[in-house]
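Student: In our numbering, the protein residues as written are 810 to 946.
Have a look at the structure that comes next, please.
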Amino acid sequence: MTNKTDADALTEAIKGLPEFAPLPPTPTLEAWQARADWLTACGLTTIGACLVLGLLTRLNCWLAALFLFMTYLTVPPFPWLPVVGPQEGNYVFVNKNIVEMFACCVLGTLPTGQWFGADRLLSSLWYFLTGQSRQRE
């Protein structure tokens, strides 16, 4: 009488399974794709850091709005288009990217950088060094 262990039984069961084809190789990025990924990450980091610090606020608000509009155009939430990848919810025509884009457009038209942030410090320094008086906006 042979005393088989669980490992021996599992080994015999595996031997009876059919062979599968090897997995395909992992796709590699082309040089331009890797560069585009890197530029996107650097751009988002720079725009986000400038918005958090309040540096060049109007310019970075418009750049953020442009980026959000491009992300909206990549996968628009139109009902007649198929669903692509995982989604946060069920949107029809308006998703969070459009809402954030309009918020960035509003911030880009208001003088928020003159109220707080690094833009305020730089403009105060500019007016101090040039001797000009600050005019109300």
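Glycine included, every Cβ here is placed at the ideal spot set by N, Cα and C.
Between which two residues does the alpha helix (DSSP H) containing Phe-937 stretch?
Tutor: Note, Phe-937: alpha helix (DSSP H), 927 to 939.
Student: Quick check: what's the CA-CA separation for Asp-928 versus Gln-896?
Tutor: In a straight line, the C-alpha of Asp-928 is about 37 Å away from that of Gln-896.
Student: Does DSSP classify Phe-878 as helix, strand or coil?
Tutor: Phe-878: helix per DSSP, three-state reduction.
Student: May I ask you to report which of helix, strand or coil DSSP gives Asn-906?
Tutor: Helix.
Student: Is the beta carbon of Thr-866 sitting closer than 8 Å to the one on Leu-872?
Tutor: Cβ atoms of Thr-866 and Leu-872: not closer than 8 Å.
Student: My guess is that Pro-891 and Tyr-900 are in contact by the Cβ rule of under 8 Å, so how many angstroms apart are they, rounded?
Tutor: That belief does not hold up - the Cβ atoms of Pro-891 and Tyr-900 are roughly 14 Å apart, past 8 Å.
Student: Using 8 Å as the cut-off, can you tell me whether the segment 921 to 937 makes contact with the segment 848 to 864, which would need three or more C-beta pairs spanning the two stretches below that distance?
Tutor: In short, these stretches touch, since the Cβ pair count reaches three.
Student: Can you check whether the CB of Ala-858 is closer than 8 Å to the CB of Met-910?
Tutor: Contact: no.
Student: At the level of alpha carbons, what is the spacing between Trp-847 and Cys-914?
Tutor: Each residue's alpha carbon lies about 26 Å from the other.
Student: In the DSSP assignment, find the unbroken alpha helix (DSSP H) run with Gly-852 in it and report its ends.
Tutor: Per DSSP, Gly-852 belongs to the alpha helix (DSSP H) from 840 to 862.
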